[in-house]
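Data first, discussion second: the structure below is written as structure tokens.
2 protein chains.
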Amino acid sequence: MTATGFDRHDHSACVSDAISSAEQHCAAADLRLTPVRRRVLEILLESHAALGAYDVLARLDAEGLGSKPPVAYRALGFLVDNGFAHRIEGLNAFIACAHPGADHAPAFLICRGCHKVAETRATAPLGQAASQAGFAIEQTVIEAQGLCPACQVQP
Amino acid sequence: MTATGFDRHDHSACVSDAISSAEQHCAAADLRLTPVRRRVLEILLESHAALGAYDVLARLDAEGLGSKPPVAYRALGFLVDNGFAHRIEGLNAFIACAHPGADHAPAFLICRGCHKVAETRATAPLGQAASQAGFAIEQTVIEAQGLCPACQVQP
DNA sequence: CGTGCCTTGTTATGTTATAACATACGCTCT
DNA sequence: AGAGCGTATGTTATAACATAACAAGGCACG
Ligand SMILES: [Zn+2]
Ligand SMILES: [Zn+2]
Ligand SMILES: [Zn+2]
Ligand SMILES: [Zn+2]
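These protein sequence lines are chains A and B, in that order. One gets our numbering by counting positions in the first sequence from 1 and adding 97 to each. One gets our numbering by counting positions in the second sequence from 1 and adding 97 to each.
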């Protein structure tokens with residue numbers, strides 16, 4: 098399992114894979130990847146950095162696709178709800194999913210230098226504490242802050 | 098190690114322990130637990146639920162201790178920086194630390210029913226993914242959402 | 001006393017997010 | 001075709017969260 102994002106990779110393939118995966122999943126699940134939703138996913142996919150809702154909105158506005166906050170929040174909500182994107186709580190921002198389609202529990206490595214974010218997987222380490230407390234976990238947010246390889250070299 | 102918060106416990110002892118622990122730590126580290134800071138810690142300690150900065154501010158205002166956002170944010174910042182409280186990213190809210198004084202990596206069980214939060218500890222499960230990616234972790238946020246024992250019974 | 005440092009007071013503004021209601025579009029059933 | 005319905009979008013307004021910037025007070029130390 099790799100943490101896509103900091104490594105060099107064929108990013109245009111990375112983008113087109115994600116888009117076609119989203120198209121397939123939407124077709125299969127009777128979901129509509131409308132122009133705004135599709136464009137927001139593309140915007141998120143353009144980099145592996147997290148974007149704020151208003152950053153996304155600014156791009157949409159520049160392209161005439163919408164200028165009011167709910168436009169961005171609705172599209173982002175759709176993408177997050179259906180697993181095409183994730184919300185990064187520590188940044189109040191959003192990032193395209195790096196493992197689209199798969200049912201997965203994501204975890205993130207967030208670089209405080211360049212703001213890139215790598216998605217990986219992690220099994221939640223709270224099972225024991227939760228069962229001791231009688232707590233039923235539904236979802237776990239795991240976000241590590243630190244420095245990516247590039248930002249460690251040139252601080 | 099227990100996840101304090103959902104269990105029945107002697108809460109007044111829980112509060113006074115935390116306050117005296119904070120006093121000791123401040124005395125030892127030459128930090129000033131001023132009236133506003135102390136009162137904010139007490140407010141957080143009153144329940145095991147997370148409080149938003151403006152909730153805290155409303156209480157301060159009612160007591161004549163301050164009415165402008167920076168007053169609350171400064172006191173909360175002091176408490177968080179010195180380990181007396183934690184920020185819950187998933188809620189944009191704050192909670193008193195349940196293991197004060199100790200140097201620790203907290204993790205949280207957050208009930209979506211009653212909004213109580215239990216603090217526990219967890220070792221971040223990202224060491225391997227991080228070292229593979231060459232990423233230097235500085236801090237990890239772990240927050241599980243779900244239902245506490247009480248809220249599972251009566252949904 | 002005067003200087004420096006920390007804390008507090010206050011104004012203003014920036015940033016993130018949603019409620020609520022109106023409109024448009026696509027589909028199906030008759 | 002036209003009515004009815006559900007989803008998506010457009011728009012207004014406001015709520016909720018957070019910080020920049022500067023002024024003023026308090027206290028310790030030389
Ligand atoms: Zn890529
Ligand atoms: Zn970086
Ligand atoms: Zn308690
Ligand atoms: Zn509960």
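For glycine and all other residues, C-beta sits at the position ideal for the given N, C-alpha and C. In this text, all values refer to a predicted model and were calculated from it rather than measured experimentally.
Quiz item: If you drop the 5 nearest sequence neighbours on each side, which residues of the same chain put their C-beta closer than 8 Å to that of Y151/B?
Solution: Translated into positions along the second sequence, residue 151/B becomes position 54. Closer than 8 Å at the Cβ level, and outside the excluded window around Y151/B, lie P166 and A169.
Practice problem: Would you please verify whether the beta carbon of L270/B is less than 7 Å from any beta carbon of chain A? | Solution: No information on residue 270/B is available, as it lies outside the stretch 98 to 252 that chain B covers here.
Self-check item: chain B contacts made by the segment 180–191 of chain A, where a contact means CB separation under 7 Å
Solution: E186 and G187
Quiz item: Would you report the Cα separation of D178/A and A172/A, rounded to the nearest angstrom?
Solution: Numbered from 1 along the first sequence, position 81 holds the residue referred to as residue 178/A. Numbered from 1 along the first sequence, position 75 holds the residue referred to as residue 172/A. Going by the C-alpha atoms only, they are around 10 Å apart.
Practice problem: Go through its chain and collect everything with a Cβ distance to A219/B's Cβ below 6 Å, but skip five positions before and after it. | Solution: Position 122 of the second sequence holds residue 219/B. Cβ neighbours of A219/B beyond the five flanking positions: A204 and I239.
Exercise. Starting from V238/B, find everything on chain A with Cβ-Cβ shorter than 8 Å and list it in chain order.
Key: Working through the second sequence from its first residue, we reach residue 238/B at position 141. Chain A residues near V238/B: E186, G187, V238, I239, E240, A241 and Q242.
Quiz item: What residues in the segment 191–225 of chain A have a beta carbon less than 7 Å from any beta carbon of chain B?
Solution: A204, L206, A215, T217, A219, T220, A221, P222 and L223
Quiz item: Taking 6 Å as the cut-off, is the CB of G243/B close to at least one heavy atom of ligand 4?
Solution: Here residue 243/B refers to the residue found at position 146 when the second sequence is read from its first residue. No, Cβ of G243/B sits at least 6 Å from all heavy atoms of ligand 4.
Quiz prompt | Simplified DSSP state of L141/A, which is helix, strand or coil | solution = Against the first sequence, residue 141/A aligns to sequence position 44. In the structure shown, L141/A sits in a helix (DSSP, three-state: H, G or I).
Practice problem: Under 9 Å between beta-carbons, which chain B residues line up against E235/A? List them in chain order, please. | Solution: Taking the first residue of the first sequence as position 1, residue 235/A is located at position 138. Within 9 Å Cβ-Cβ: R209, A241, Q242, G243 and L244.
Practice problem: Can you check the segment 194–232 of chain B for any beta strand (DSSP E) of at least 3 residues that lies completely inside it and give the ranges in chain order? | Solution: 203–208 and 214–218
Exercise. Using the Cα positions of L157/A and A119/A, report the straight-line distance between them to the nearest angstrom.
Key: Your numbering for residue 157/A matches position 60 in the first sequence. Your numbering for residue 119/A matches position 22 in the first sequence. C-alpha separation (whole angstroms): 20 Å.
Quiz item: To the nearest angstrom, how far is it from the Cα of A195/A to the Cα of Q121/B?
Solution: For this step, residue 195/A is matched to residue 98 along the first sequence. For this step, residue 121/B is matched to residue 24 along the second sequence. Each residue's Cα considered, the two are about 47 Å apart.
Quiz prompt | As assigned by DSSP and simplified to three states, the class of E324/A | solution = In this structure chain A extends from 98 to 252, so residue 324/A is not present and cannot be described.
Quiz item: According to a CB-to-CB cut-off of less than 8 Å, which residues of the segment 114–133 of chain B neighbour chain A?
Solution: none
Quiz item: Closer than 6 Å: is that where the CB of C208/B sits relative to any heavy atom of ligand 6?
Solution: Ligands displayed in this structure: ligand 1, ligand 2, ligand 3 and ligand 4; ligand 6 is not among them.
Quiz item: Helix, strand or coil: which one does DSSP assign to H183/B?
Solution: By 1-based counting over the second sequence, the position of residue 183/B is 86. H183/B: strand per DSSP, three-state reduction.
Quiz item: Which residues have their C-beta within less than 6 Å of a heavy atom of ligand 3, listed in chain order?
Solution: H106/B, H108/B, C111/B and H145/B
Quiz item: Just reading off the alpha helix (DSSP H) that C123/B is part of, what are its end residues?
Solution: Along the second sequence, read from residue 1 onward, the residue named residue 123/B stands at position 26. Here the alpha helix (DSSP H) through C123/B covers H108 to A126.
Exercise. Go ahead and pull the three-state DSSP assignment for L176/B.
Key: Translated into the one-based positions of the second sequence, residue 176/B becomes position 79. Residue state, collapsed to three classes: helix.
Exercise. With distances taken Cα to Cα, identify the nearest neighbour of F103/A among S228/B, T237/B and Q242/B.
Key: Mapped onto the first sequence, residue 103/A falls at position 6. When only C-alpha atoms are compared, the closest one is S228/B.
Quiz item: What residues match up with E240/B in a beta bridge as DSSP calls it?
Solution: The residue labelled residue 240/B in the question sits at position 143 within the second sequence. V238/A and F205/B.
Self-check item: CB contact check: G231/A to chain B, cutoff 7 Å
Solution: Position 134 of the first sequence, counting from 1, holds the residue named residue 231/A. Chain B contact via Cβ: present.
Quiz item: Would you say A227/A reaches chain B, if we count a Cβ-Cβ gap shorter than 7 Å as a contact?
Solution: Position 130 of the first sequence, counted from the start, is the residue given in the question as residue 227/A. It does: the Cβ of A227/A has a partner Cβ on chain B nearer than 7 Å.
Exercise. From the DSSP output, in three-state form, read off A190/B for me.
Key: Locating residue 190/B in the second sequence gives position 93, where the first residue counts as 1. DSSP places A190/B in strand when its eight states are reduced to three.
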